[in-house]
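If you read the protein sequences in the order shown, they are chains A and B.
Counting along the first sequence from 1, when you hit position 161 you're at 161 in the working numbering, and nothing is skipped either side.
When you read off a place in the second sequence, starting at 1, and then add 225, the result is the number in the working numbering.
By construction, the Cβ of each residue, glycine as well, lies at the ideal position given by its N, Cα and C atoms.
Accompanying notes for the structure given below.
There are 2 protein chains.
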Amino acid sequence: MYSPSDFPPFAVTVDLVVLTVRGDALCALLVRRGEAPYRGRWALPGGFVQVTESVDAAAVRELAEETGVSGLHLEQLGTYGEPRRDPRMRVVSVAYLALAPDLPVPVAGTDAAAASWVPVGEASSLAFDHARILGDGVERARAKLEYSALGTAFCGPEFTVAELRRVYEIVWGVSLDPRNFHRKVTGVDGLLVATGGTTSRDGGRPAALFRRGEAEVLYPPLVRP
Amino acid sequence: MYSPSDFPPFAVTVDLVVLTVRGDALCALLVRRGEAPYRGRWALPGGFVQVTESVDAAAVRELAEETGVSGLHLEQLGTYGEPRRDPRMRVVSVAYLALAPDLPVPVAGTDAAAASWVPVGEASSLAFDHARILGDGVERARAKLEYSALGTAFCGPEFTVAELRRVYEIVWGVSLDPRNFHRKVTGVDGLLVATGGTTSRDGGRPAALFRRGEAEVLYPPLVRP
DNA sequence: AGGCTTATCGTCAGATCGACGACAAGCCAC
DNA sequence: GTGGCTTGTCGTCGATCTGACGATAAGCCT
Numbered sequence: 001m002y003s004p005s006d007f008p009p010f011a012v013t014v015d016l017v018v019l020t021v022r023g024d025a026l027c028a029l030l031v032r033r034g035e036a037p038y039r040g041r042w043a044l045p046g047g048f049v050q051v052t053e054s055v056d057a058a059a060v061r062e063l064a065e066e067t068g069v070s071g072l073h074l075e076q077l078g079t080y081g082e083p084r085r086d087p088r089m090r091v092v093s094v095a096y097l098a099l100a101p102d103l104p105v106p107v108a109g110t111d112a113a114a115a116s117w118v119p120v121g122e123a124s125s126l127a128f129d130h131a132r133i134l135g136d137g138v139e140r141a142r143a144k145l146e147y148s149a150l151g152t153a154f155c156g157p158e159f160t161v162a163e164l165r166r167v168y169e170i171v172w173g174v175s176l177d178p179r180n181f182h183r184k185v186t187g188v189d190g191l192l193v194a195t196g197g198t199t200s201r202d203g204g205r206p207a208a209l210f211r212r213g214e215a216e217v218l219y220p221p222l223v224r225p
Numbered sequence: 226m227y228s229p230s231d232f233p234p235f236a237v238t239v240d241l242v243v244l245t246v247r248g249d250a251l252c253a254l255l256v257r258r259g260e261a262p263y264r265g266r267w268a269l270p271g272g273f274v275q276v277t278e279s280v281d282a283a284a285v286r287e288l289a290e291e292t293g294v295s296g297l298h299l300e301q302l303g304t305y306g307e308p309r310r311d312p313r314m315r316v317v318s319v320a321y322l323a324l325a326p327d328l329p330v331p332v333a334g335t336d337a338a339a340a341s342w343v344p345v346g347e348a349s350s351l352a353f354d355h356a357r358i359l360g361d362g363v364e365r366a367r368a369k370l371e372y373s374a375l376g377t378a379f380c381g382p383e384f385t386v387a388e389l390r391r392v393y394e395i396v397w398g399v400s401l402d403p404r405n406f407h408r409k410v411t412g413v414d415g416l417l418v419a420t421g422g423t424t425s426r427d428g429g430r431p432a433a434l435f436r437r438g439e440a441e442v443l444y445p446p447l448v449r450p
């Protein structure tokens, strides 16, 4: 057992589903492939896991290499291991989900020809099985907004209740009553911390500014209509 | 890129967290290791992924080989890829969760010295990082009972409301009001289908028998107290 | 028959939810 | 500056849901 001839050779990669809210759309960070196969196609950023690093660490490293950002919340989405998902060899890929505030346009990474934010509705015909992975990531993000405080990860360090509501509306694709949303979100204890400041960057009456609180779990949850 | 010398050699395995309710305890299916390292220790069942099969298929195959059962709901739990989790070589393991009804004592599998159901509270000092994987599996199972119909997977094909309640009580480690539980569980539409039969196997007034319904998601959910 | 068990239905007060009215507080056009 | 427009925040109301718990049903055992 466990001698090199006993197990088949696998390559292990990480793929990153990095989502943000830009304009009116939920967008994913995609890179355009510079090499065959699927040359010229959009793909999720990612890369090989090194021998010396954990799989989680590889995800953090690839995220930094391809987007230049760090400190985002990263969580495992799932592992994709169909035998033919990469036509060249057997690759098992661990997918991660990250939610980011609206970042400047990403720089093209080391391996990628170009990187950019693409609305998830327009992200079709991705390389490999990345369309499925992206779909799973979007669905996971939608579900997580219900019972976790991760919606605030889409916002900047200080944000208003309306900005948070816009995140929910865009990710879920619904419209929410501003008054009920305000009541519920300010009622969850530990979710929001008032900074004392206000802003009127969206016009109308100035809105109070908040920071994320300590809460990770929303109780009671915000349920999708 | 992608030539054999470009990527480090990984072995990919699957590990199975198979849970059941036996007697008064939530139990996990464990095997006693017959080989070094961790010889004699309890470990999760599992094994290598073959080149020709998907990772999911490997989980199904290993489950059948080690427990003799099939048809269980299997879901990915997570992937564990710390560099030193196996002292001999780099192994990335994809963990799966399965919930089973109270099965006959499992036969020892092909690779295992012995297999048996062990209460999760007594499952300490497992091989590798299996204690952590088991813990994650138990926590996932507890959470899934809240909003999915998977609690019925712990029961036989026909069961009473009280048997389902006992599952919830044992998995969550709490006691639930029989009357409120009955109201809620029979109120979720599509969860239970009355077979028309009754049983008095637990003494007292005969209880109505049910089968699982079509519902996968519980709405409204059953929240932990 | 009476007592024990468990199953199932009902009641009631408090919490929660969605729909929506009302008012606050800025900006802008005139 | 005043009236209108925008957006933010607080309140109200009826419907619904929840948890605590009483009451009854329907079997078994002695």
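Which chain A residues are close to residue i, counting only those with a beta carbon under 7 Å from its beta carbon?
i	result
Arg-408(B)	Those within 7 Å of Arg-408(B) in chain A number zero; the least Cβ separation is about 20 Å.
Gly-303(B)	Gln-76
Compare the C-alpha of residue i against each of the options and name the closest.
i	options	result
Gly-190(A)	Thr-13(A), Ala-57(A), Val-174(A), Glu-216(A)	Glu-216(A)
Arg-205(A)	Glu-82(A), Leu-30(A), Ala-162(A)	Ala-162(A)
Gly-34(A)	Ala-43(A), Val-60(A), Ala-28(A)	Ala-43(A)
Leu-29(A)	Ala-208(A), Leu-164(A), Pro-8(A), Ser-116(A)	Ser-116(A)
Ala-194(A)	Thr-160(A), Pro-221(A), Val-174(A)	Thr-160(A)
Gly-421(B)	Val-413(B), Val-399(B), Gly-412(B), Glu-383(B)	Glu-383(B)
Leu-375(B)	Leu-324(B), Gly-428(B), Gly-271(B), Gly-306(B)	Leu-324(B)
Ala-143(A)	Leu-77(A), Gly-203(A), Cys-155(A), Val-185(A)	Leu-77(A)
Pro-329(B)	Gln-275(B), Gly-248(B), Ser-350(B), Leu-299(B)	Gly-248(B)
Since residue i contacts residue j with CB under 8 Å, what's their CB separation in whole angstroms?
i	j	result
Val-171(A)	Leu-192(A)	In fact, because the Cβ distance is near 18 Å, the residues do not count as touching under 8 Å.
Thr-304(B)	Thr-79(A)	5 Å
Thr-277(B)	Pro-87(A)	That pair is no contact at about 15 Å.
Pro-37(A)	Arg-90(A)	Not a contact, Cβ separation roughly 15 Å.
Leu-401(B)	Arg-390(B)	6 Å
Gly-362(B)	Leu-251(B)	Gly-362(B) to Leu-251(B), Cβ: 10 Å. No contact.
Thr-377(B)	Arg-426(B)	Thr-377(B) to Arg-426(B), Cβ: 17 Å. No contact.
Ala-339(B)	Arg-257(B)	5 Å
How many angstroms separate the CA atom of residue i from the CA atom of residue j?
i	j	result
Asp-327(B)	Val-246(B)	6 Å
Glu-439(B)	Gly-68(A)	46 Å
Phe-435(B)	Ala-356(B)	35 Å
Asp-15(A)	Val-120(A)	16 Å
Leu-218(A)	Ala-141(A)	14 Å
Gly-360(B)	Asp-354(B)	10 Å
Val-17(A)	Leu-288(B)	30 Å
Ile-133(A)	Tyr-96(A)	9 Å
Pro-229(B)	Pro-178(A)	With a pLDDT of 47 at Pro-229(B), under the threshold of 50, the predicted position of this residue should be treated as unreliable, though the coordinate-derived value follows. Cα to Cα, the separation comes out at about 56 Å.
Tyr-227(B)	Arg-85(A)	Its pLDDT being 48, under 50, Tyr-227(B) is placed unreliably in this model, and the coordinates cannot settle the point.
Ala-208(A)	Thr-423(B)	59 Å
Ser-93(A)	Val-60(A)	15 Å
Val-392(B)	Gly-40(A)	52 Å
Ala-282(B)	Glu-364(B)	24 Å
Please classify residue i: does DSSP put it in a helix, a strand, or coil?
i	result
Val-223(A)	coil
Gly-362(B)	helix
Leu-401(B)	coil
Tyr-372(B)	helix
Leu-72(A)	coil
Gly-187(A)	helix
Arg-142(A)	helix
Arg-313(B)	coil
Thr-277(B)	coil
Ala-114(A)	strand
Tyr-38(A)	coil
Thr-160(A)	coil
Ala-419(B)	strand
Arg-437(B)	strand
Val-237(B)	strand
Arg-165(A)	helix
Arg-258(B)	coil
Leu-99(A)	strand
Ala-352(B)	coil
Tyr-204(A)	A small correction: the amino acid at residue 204(A) is Gly; Tyr does not occupy that position in the sequence shown. Looking at Gly-204(A) - three-state DSSP - the assignment turns out to be coil, as it is neither helix nor strand.
Gly-248(B)	coil
So which residues of chain B does residue i contact, with C-beta pairs closer than 7 Å?
i	result
Ser-54(A)	Gly-306, Glu-307, Pro-308
Ala-98(A)	Near Ala-98(A) there are no residues of chain B at all, since even the closest Cβ is about 16 Å away, more than 7 Å.
Val-17(A)	Per Cβ cutoff of 7 Å: no residues; Val-17(A) is ~15 Å from chain B at best.
Counting only Cβ pairs nearer than 8 Å, list the residues of chain A close to residue i.
i	result
Arg-315(B)	Val-51
Val-413(B)	Neighbours of Val-413(B) on chain A: none; closest Cβ ~15 Å, over 8 Å.
Val-363(B)	Correct list: empty, because the minimum Cβ distance to chain A is about 18 Å.
Which residues in chain B have a C-beta closer than 8 Å to the C-beta of residue i? List them in chain order.
i	result
Ala-141(A)	In chain order: nothing, as chain B lies at least about 17 Å away.
Who are the neighbours of residue i on chain B, taking C-beta pairs under 9 Å?
i	result
Val-31(A)	None at all; the shortest Cβ gap to chain B is about 15 Å.
Val-217(A)	Correct list: empty, because the minimum Cβ distance to chain B is about 11 Å.
Could you work out which residues of chain A lie near residue i, taking near to mean beta carbons separated by less than 9 Å?
i	result
Val-386(B)	Here the premise fails: no neighbours, minimum Cβ distance about 25 Å.
Val-294(B)	Here the premise fails: no neighbours, minimum Cβ distance about 22 Å.
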